[in-house]
Ligand code: IMP
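This is the structure we're talking about:
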């Protein structure tokens, strides 16, 4: 049986905290999409921890944590996080498992992300610049390196081939940056990655399900950032919705039980793109201040606005949400009047979709 926790807005709904809260009820916590663009904030022994790459169940030593095939993995971020987790006495070699099909983010993916954003000027996506888009492009373009390739003798030659391909693209962008320091830490992190548990995720997860184990699939970003159903092109490059759980872990839709959708009591967004209820006044400023609305990954101030029920209804529909979890309602205590959006006014006509 698989339950899902995912975001119903533009990310930053507080999913990490909710996953950490529910994790004790499950045997396995699994990330199925996204990569180090995510920033899941947890409090462990009263101390703030932000996880980008590792599932939020990692601080429960007795839970299995899986990085699924749908994720794009930055080995450098992973190593850094594993070191931080080890400081709490957690042995990731016992409770972290990585799919052999997980795609690897290489240093030139990050450079390409930066170059592509710079070339877009005013119409930039507002990417976290972690190499997400270019890494998923190499996946669908069938060029990517995967975790399972690491042990293959041809890994280095495959890497050089891909790097050269990227270099040509970077030259087209006239992008000049020395990435040798990134490469050094990348290769160091790959050696570390080789020491972790690499599994065939689809066989492993299905076997555990058939043994009666309970799986919690942890979404990253939010449904309005979904590559197909989000506010395209101002989206991320993966399927953040519940359907992504099937392709991102290798399970059948029939295995999905509860879909818990997390929403803030108001809306926030980082990066560019439409945001119908955005507040540009003192109220927006107040929401940002009281809600501490600054990006967990990039530290950027989040755009803030009132709750958008039209968008929420839409994301509940595409995810098949069975339970809604609302976070940060206490932030609204400070406001005399609360507003919610119940319809859009498009060229004088009220629309609910
Ligand atoms: P990318 O996934 O880093 O390419 O970013 C694409 C868009 O998604 C940008 O607007 C980012 O700000 C946004 N984004 C990506 N990851 C997150 C997240 O975890 N929380 C909130 N927004 C995100």
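Residue numbers (the working numbering): 444 to 796. Heads up, the beta-carbon is just placed ideally off N, CA and C, and yes, glycines get one too.
Under the rule that a run must span 3 or more residues, the beta strand (DSSP E) segments found entirely inside the region 624-683 read 640-642, 658-661. Annotation for residue 636: 518 place their beta carbon closer than 6 Å to its own, counting only its chain and skipping 5 residues before and after. At the C-beta level, residue 740 and residue 451 stay beyond 8 Å of one another. Bounds of any beta strand (DSSP E) do not take in residue 554; it lies within the alpha helix (DSSP H) bounded by 550-563. Runs of the beta strand (DSSP E) lying entirely within the region 460-519 and spanning at least 3 residues, in chain order: 471-474, 483-487, 490-494, 507-510. DSSP places residue 785 in the coil class of the three-state scheme, outside both helix and strand. Closer than 7 Å to some heavy atom of the ligand IMP: that describes the Cβ of residue 663.
Collapsing the DSSP output to three states places residue 760 in a helix. Residue state for residue 444 is assigned as coil, using DSSP reduced to three classes. Annotation: the continuous alpha helix (DSSP H) that includes residue 615 extends over 598-615. Within the same chain, and ignoring the five residues on either side of residue 685 in sequence, the residues whose Cβ sits closer than 7 Å to its Cβ are 447, 449, 699, 702, 762, 763. Burial check for residue 577: the Cβ neighbour count within 10 Å reaches 16 or more, so the residue is buried. Sequence-distant Cβ neighbours of residue 731 in its own chain, meaning closer than 7 Å and more than five residues away, are 744, 745, 747.
Judged by DSSP secondary structure, residue 691 falls within the alpha helix (DSSP H) whose first and last residues are 686-692. For residue 731, there is no enclosing beta strand (DSSP E); the enclosing alpha helix (DSSP H) has its first and last residue at 725-733.
Between the ligand IMP and the CB of residue 668, the shortest heavy atom gap is smaller than 7 Å. Of the candidates 479, 457, 661, 506, 506 places its Cα closest to the Cα of residue 468.
Straight across, the Cα-Cα distance linking residue 512 with residue 595 is about 18 Å.
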